[in-house]
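Undergrad:
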Amino acid sequence: MKRGVRFKFRLYVAGNAPNSLQAVANLGALCRTHLPDQFEIEVVDVLREPKRALSDGVFMTPMLLPLEPLPSRRIVGTLSRADQILMALGLEAVAA
Amino acid sequence: MKPHAFSPPSGSAGEIPALIERLHETERRLVALTAGEVDAVVDGEGRTFLLQHAQEQLRRDDAGRQAALLGTDRRERILGTALAAMGDFAQIYDREGRLLFVNRSLLEFWGLPLDAVVGKNFHELGFPDEVAAKLLGQVRSVLATGQSVADECTRFSPAGLEGCYDYIFSAALAADGTVDFVVGSTRDVTGRRRLEEQLRQTQKLEAIGTLAGGIAHDFNNILAAINGHTELALMSLEGNPSARTHVAAIARATHRATDLVRQILTFSRQQPLQRRPIQLGPVLAETLTMLRATVPSSIEFETLLWADALTVLADPTQIHQVLMNLGTNAWHAMKGGGGRLKVTLERCVVDAEHPAAAAGVRSGVYARISVGDTGQGMDPSTLQRIFDPFFTTKPAGEGTGLGLAVVRGIMESHQGAITVASVPGEGTVFDLYFPLQAESAAAAAVEAAPTPRGHGERILVVDDEEMLASLGQQMLTQLGYATEIATDPAVAFDRFRSDPQRWALVIADQTMPRMSGLVLAGELLRIRPDLPIILMTGYSQSLTSARIQAEGLRQLLLKPFSMDALGVAVSKSLAPPPPARPPAHRSQGAPSTAVGGPAV
Numbered sequence: 011m012k013r014g015v016r017f018k019f020r021l022y023v024a025g026n027a028p029n030s031l032q033a034v035a036n037l038g039a040l041c042r043t044h045l046p047d048q049f050e051i052e053v054v055d056v057l058r059e060p061k062r063a064l065s066d067g068v069f070m071t072p073m074l075l076p077l078e079p080l081p082s083r084r085i086v087g088t089l090s091r092a093d094q095i096l097m098a099l100g101l102e103a104v105a106a
Numbered sequence: 071m072k073p074h075a076f077s078p079p080s081g082s083a084g085e086i087p088a089l090i091e092r093l094h095e096t097e098r099r100l101v102a103l104t105a106g107e108v109d110a111v112v113d114g115e116g117r118t119f120l121l122q123h124a125q126e127q128l129r130r131d132d133a134g135r136q137a138a139l140l141g142t143d144r145r146e147r148i149l150g151t152a153l154a155a156m157g158d159f160a161q162i163y164d165r166e167g168r169l170l171f172v173n174r175s176l177l178e179f180w181g182l183p184l185d186a187v188v189g190k191n192f193h194e195l196g197f198p199d200e201v202a203a204k205l206l207g208q209v210r211s212v213l214a215t216g217q218s219v220a221d222e223c224t225r226f227s228p229a230g231l232e233g234c235y236d237y238i239f240s241a242a243l244a245a246d247g248t249v250d251f252v253v254g255s256t257r258d259v260t261g262r263r264r265l266e267e268q269l270r271q272t273q274k275l276e277a278i279g280t281l282a283g284g285i286a287h288d289f290n291n292i293l294a295a296i297n298g299h300t301e302l303a304l305m306s307l308e309g310n311p312s313a314r315t316h317v318a319a320i321a322r323a324t325h326r327a328t329d330l331v332r333q334i335l336t337f338s339r340q341q342p343l344q345r346r347p348i349q350l351g352p353v354l355a356e357t358l359t360m361l362r363a364t365v366p367s368s369i370e371f372e373t374l375l376w377a378d379a380l381t382v383l384a385d386p387t388q389i390h391q392v393l394m395n396l397g398t399n400a401w402h403a404m405k406g407g408g409g410r411l412k413v414t415l416e417r418c419v420v421d422a423e424h425p426a427a428a429a430g431v432r433s434g435v436y437a438r439i440s441v442g443d444t445g446q447g448m449d450p451s452t453l454q455r456i457f458d459p460f461f462t463t464k465p466a467g468e469g470t471g472l473g474l475a476v477v478r479g480i481m482e483s484h485q486g487a488i489t490v491a492s493v494p495g496e497g498t499v500f501d502l503y504f505p506l507q508a509e510s511a512a513a514a515a516v517e518a519a520p521t522p523r524g525h526g527e528r529i530l531v532v533d534d535e536e537m538l539a540s541l542g543q544q545m546l547t548q549l550g551y552a553t554e555i556a557t558d559p560a561v562a563f564d565r566f567r568s569d570p571q572r573w574a575l576v577i578a579d580q581t582m583p584r585m586s587g588l589v590l591a592g593e594l595l596r597i598r599p600d601l602p603i604i605l606m607t608g609y610s611q612s613l614t615s616a617r618i619q620a621e622g623l624r625q626l627l628l629k630p631f632s633m634d635a636l637g638v639a640v641s642k643s644l645a646p647p648p649p650a651r652p653p654a655h656r657s658q659g660a661p662s663t664a665v666g667g668p669a670v
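Structure follows, in structure tokens:
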């Protein structure tokens with residue numbers, strides 16, 4: 011993993027629905043483990059801010075939008091499999 | 071689900087990898103959806119549709135989300151801080167009713183460290199047996215039944231003052247549904263209860279005040295009639311000593327009743343202060359005679375009165391009230407056994423060299439009355455609060471908690487001071503300081519002056535109560551005046567207007583139907599500005615001598631009045647006022663020289 015690089019995520023959730031809560035918890039754990047002090051997570055609740063979901067093209071939750079360092083593949087679901095997510099972020103080599 | 075507005079593939083060859091990626095992404099979303107990992111979908115208009123399982127969850131506790139976001143240790147820290155920070159006393163009991171945990175508020179309240187508390191039940195903590203048995207019984211009942219218990223108690227500590235405590239014991243259940251432990255929450259509501267009690271007392275007091283004001287006028291009129299006729303009877307009974315004795319007793323009783331009404335009115339603050347130079351010795355002696363009649367003989371009286379006259383500016387009724395209140399308290403402090411009530415009156419100088427026994431007394435020359443008892447005394451915390459209104463050591467319903475508050479109020483209104491010293495088990499001494507007046511001799515002379523008499527001056531008495539009007543007429547006749555009466559202010563006005571110079575003086579009652587005494591006086595003064603007028607009133611919140619004089623009237627006469635007071639008021643009113651009146655207005659009935667007795 012590259013030092014000094016910041017990872018910025020936007021996670022869309024639906025209130026405290028179970029999958030959303032799990033996604034929040036899983037993403038937090040993953041970042042603390044693999045990207046300590048290098049991450050920023052914005053959680054957006056579609057029940058409160060549906061317009062933002064529309065403008066981001068989000069049509070189901072939970073959905074993770076990796077924004078920085080580069081916008082990359084969106085991930086839907088509870089984010090329970092860390093390896094898949096790291097791969098999607100292009101970090102699989104570092105994580106191994 | 072409505073399909074999302076994807077832009078349709080354009081078909082250009084360079085876009086093939088992007089299209090493949092989109093296909094994969096869509097596939098992954100479908101997988102997530104079928105795996106039940108999706109909560110909600112958003113349509114093209116921004117409407118959100120929750121899937122079934124998400125809806126169910128959302129109906130559950132909203133705090134769940136926060137809880138899930140928190141780590142276990144952090145949650146414990148937050149809960150611990152919350153328990154410690156809350157003002158209520160939190161407790162956790164084990165299955166034996168012993169304390170497992172007590173929060174900081176309760177530890178501070180008990181003045182104990184946590185170590186000294188954990189593992190003990192109420193008995194082992196040293197709670198009074200009765201309290202401990204009740205509380206422990208209730209904790210055990212929660213353990214046995216799982217049902218919460220809410221109650222209140224007067225003590226929730228091993229020692230200290232009693233108060234009011236609301237508490238609730240609730241069951242915390244284990245996974246198998248049995249009661250695991252009991253959680254207690256106790257709130258100190260002592261202050262709130264006291265405020266509620268004060269509010270009730272204040273309302274009661276207001277009711278008494280209203281009632282007193284309401285009956286005072288009627289009652290004073292009745293007393294005025296009894297008083298006046300008694301005095302007249304005394305005069306006509308010169309030759310019958312035996313009858314005179316009885317009538318004199320009636321007169322004394324009437325004076326007591328008059329005082330009583332005045333006391334009630336003072337209490338409800340509806341009576342103007344009547345301060346004049348008086349000698350404390352006789353007032354004190356008189357009060358002690360009355361007190362002796364009330365207090366049982368097992369209590370011995372010891373009285374030491376200063377031989378010389380000590381004159382102070384005071385309202386004798388209020389001095390009487392102060393001494394009765396202190397005397398009664400002293401007696402109550404000595405209840406359940408004999409004792410000695412010691413009352414001394416002496417002259418005393420307070421200055422830098424001779425400070426008073428307690429702070430709060432300014433330098434000066436005082437007449438000091440000490441009231442001491444050999445009763446149970448008071449501890450410092452009680453001593454600190456004795457002058458607070460509604461503070462009482464007597465059981466509810468027995469003391470009003472007003473006695474000493476009234477005493478202090480009266481002392482303050484006399485520019486005096488009150489101090490107290492007490493030793494538990496030995497007794498209490500109150501010292502009352504009254505600023506000493508210099509002109510003792512002059513005051514004594516005033517007291518002794520004979521009632522001024524008239525020489526046929528014509529006086530119009532206006533009172534809607536015929537009985538009182540005719541009583542006034544009889545008194546004035548005795549005093550040497552010619553009197554006419556009117557019971558209707560309008561009639562009085564017409565009669566006056568027809569011959570304004572006929573009367574030397576008009577005496578009018580303030581409270582009359584259709585036209586008050588003040589209004590009538592105003593009308594009469596318009597016709598004849600130099601007319602002397604006396605206004606009579608039973609009680610008054612707004613009428614004072616100053617106000618009366620501002621209205622152009624001469625005197626305010628408080629009912630019921632004695633013949634002497636009437637004589638003095640009439641004589642003063644007939645005397646020429648300080649700015650000389652034009653002699654042209656002098657008529658047959660208003661000779662400026664014919665005033666009996668010294669004008670004071």
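Protein sequence lines correspond, in order, to chains G and L.
Positions 11 to 106 (this note's numbering) are the ones given, in order, by the first sequence.
Positions 71 to 670 (this note's numbering) are the ones given, in order, by the second sequence.
No residue lacks a Cβ here, since even glycine has one placed at the ideal position from N, Cα and C.
1) Mind checking if Glu95(L) is an interface residue toward chain G, Cβ cutoff 8 Å exclusive?
2) Taking 8 Å as the CB-CB limit, is Thr88(G) close to chain L?
3) For Thr452(L), which residues of its own chain have a beta-carbon under 7 Å away from its beta-carbon, when the five flanking residues on both sides are left out?
4) Is the Cβ of Glu107(L) closer than 8 Å to any Cβ of chain G?
5) Which chain G residues sit within Cβ distance under 7 Å of Leu110(L)?
6) Does the stretch 302-321 of chain L come close enough to the stretch 343-350 of chain L to have 3 or more Cβ pairs within less than 8 Å?
7) If you run the structure through DSSP and keep just helix, strand and coil, what is Glu356(L)?
8) For a contact defined as C-beta to C-beta under 7 Å, what are the partners of Ala102(L) on chain G?
9) Given that a residue counts as buried once 16 or more other Cβ atoms are within 10 Å of its Cβ, and exposed if not, what is Pro570(L)?
10) Give me the Cβ distance between Gly447(L) and Gly495(L), rounded to the nearest whole Å; I'm assuming they're in contact under 8 Å.
11) Anyone know if the C-beta pair for Leu350(L) and Thr373(L) falls short of 8 Å?
12) Under 8 Å, with one C-beta from each stretch per pair, do the stretch 185-194 of chain L and the stretch 235-246 of chain L reach the 3-pair mark?
13) Kindly indicate which three-state DSSP category Pro559(L) falls into: helix, strand or coil?
14) Evaluate contact between the stretch 42-50 of chain G and the stretch 58-65 of chain G, counting only Cβ atoms and requiring at least three cross-stretch pairs below 8 Å.
15) If we count the other Cβ atoms within 10 Å of its Cβ and call it buried at 16 or more, is Ser643(L) buried or exposed?
16) Taking the alpha carbon of Leu169(L) as the reference point, which residue from Leu153(L), Leu206(L) and Ser175(L) has its own alpha carbon closest?
17) If Val53(G) and Met73(G) are in contact, beta carbons under 8 Å, what's the gap, nearest whole angstrom?
18) What would DSSP say about Gln208(L), mapped onto helix, strand or coil?
19) Who are Met73(G)'s beta bridge partners in DSSP?
20) Can you pull the chain G neighbours of Leu120(L), defined as C-beta to C-beta under 9 Å?
21) Can you tell me whether His484(L) is buried or exposed? The criterion is at least 16 other CB atoms within 10 Å of its CB, across all chains shown.
22) Around the C-beta of Asp501(L), are 16 or more other C-beta atoms found within 10 angstroms, so that it is buried, or is it exposed?
23) Ser30(G) CB to nearest chain L CB: under 8 Å?
24) I believe Gln208(L) touches Asp221(L) by the beta-carbon criterion, under 8 Å. Please report the beta-carbon distance rounded to the nearest angstrom.
25) Among residues of its own chain, excluding the 5 on either side of Val23(G), which ones have a beta-carbon nearer than 8 Å to its beta-carbon?
26) Alpha carbons only, please: which of Ala39(G), Pro76(G) and Met97(G) is nearest the one belonging to Arg20(G)?
27) For Lys629(L), does the count of other Cβ atoms within 10 angstroms reach 16, so buried, or fall short, so exposed?
28) If the criterion is Cβ atoms closer than 8 Å, does the pair Tyr503(L) and Tyr436(L) meet it?
29) By the criterion of Cβ-Cβ separation under 8 Å, what are the contact partners of Pro116(G) in chain L?
30) Determine the direct distance from the alpha carbon of Asp158(L) to that of Asp258(L), and round the result to whole angstroms.
31) Please report the residue range of the beta strand (DSSP E) in which Phe192(L) lies.
32) So that I know if they touch, is there some Cβ in chain G lying closer than 8 Å to that of Arg98(L)?
33) Tell me whether Arg567(L) is buried or exposed, calling it buried when 16 or more other Cβ atoms sit within 10 Å of its Cβ.
34) Considering only DSSP beta bridges, list what Lys412(L) is partnered with.
TA: Taking the definition as stated:
1) With 8 Å as the cut-off, Glu95(L) counts as an interface residue toward chain G.
2) Chain L, which has a Cβ nearer than 8 Å to the Cβ of Thr88(G), makes this yes.
3) Shown here for Thr452(L): same chain residues with a beta carbon closer than 7 Å to its own, the five before and five after excluded, namely Thr463 in chain order.
4) For Glu107(L), the answer is yes, since a Cβ of chain G falls inside 8 Å of its Cβ.
5) Residue 110(L) is actually Ala in this sequence, not Leu. Ordered by position in chain G, the residues that pass the 7 Å Cβ test against Ala110(L) are Ala24, Ala27, Val56, Met70 and Thr71.
6) The stretch 302-321 of chain L, when compared against the stretch 343-350 of chain L, does not touch it at the 8 Å Cβ threshold.
7) Three-state result, Glu356(L): helix.
8) For Ala102(L), the chain G residues whose C-beta falls within less than 7 Å of its own C-beta are Val86 and Gly87, listed in chain order.
9) So Pro570(L) counts as exposed.
10) Rounded, the Cβ-Cβ distance is 6 Å, consistent with contact.
11) Taking 8 Å as the Cβ cut-off, Leu350(L) and Thr373(L) do not qualify as a contacting pair.
12) No, the stretch 185-194 of chain L is not in contact with the stretch 235-246 of chain L.
13) Three-state DSSP puts Pro559(L) in a helix.
14) Taking 8 Å as the limit for Cβ pairs, the verdict is that the stretch 58-65 of chain G does not touch the stretch 42-50 of chain G.
15) It counts as buried.
16) Selected option, being the one with the closest Cα: Leu206(L).
17) That pair is no contact at about 11 Å.
18) Assignment of Gln208(L) by DSSP, reduced to helix, strand and coil, places it in the helix class.
19) Beta bridge pairing from DSSP links Met73(G) with Tyr22(G) and Val86(G).
20) Near Leu120(L) (Cβ distances below 9 Å), the residues of chain G are Ala24, Gly25, Ala27 and Leu57.
21) By the beta-carbon neighbour count (other beta carbons within 10 angstroms, threshold 16), His484(L) is buried.
22) Asp501(L) is buried by the Cβ-count criterion.
23) The Cβ of Ser30(G) sits closer than 8 Å to at least one Cβ of chain L.
24) Between Asp221(L) and Gln208(L) the Cβ distance is about 7 Å, and since that is below 8 Å, they are a contact.
25) Ser30, Leu31, Ala33, Val34, Val53, Val54, Asp55, Val56, Thr71 and Pro72, listed in sequence order.
26) Comparing alpha-carbon positions, the option among Ala39(G), Pro76(G) and Met97(G) lying closest to Arg20(G) turns out to be Pro76(G).
27) Counting Cβ neighbours within 10 Å, Lys629(L) comes out buried, since at least 16 surround it.
28) Contact annotation: Tyr503(L) and Tyr436(L) have beta-carbon atoms nearer than 8 Å.
29) Shown here, chain G extends from 11 to 106; a query on residue 116(G) therefore has no answer.
30) Straight-line spacing of the CA atoms in Asp258(L) and Asp158(L) works out to 7 Å.
31) Counting along the chain, Phe192(L) sits inside no beta strand (DSSP E), nor does DSSP assign it H or E at all.
32) It does; some Cβ of chain G falls within 8 Å.
33) Result: exposed.
34) Note: Lys412(L) sits in a beta bridge opposite Glu372(L) and Gly442(L).
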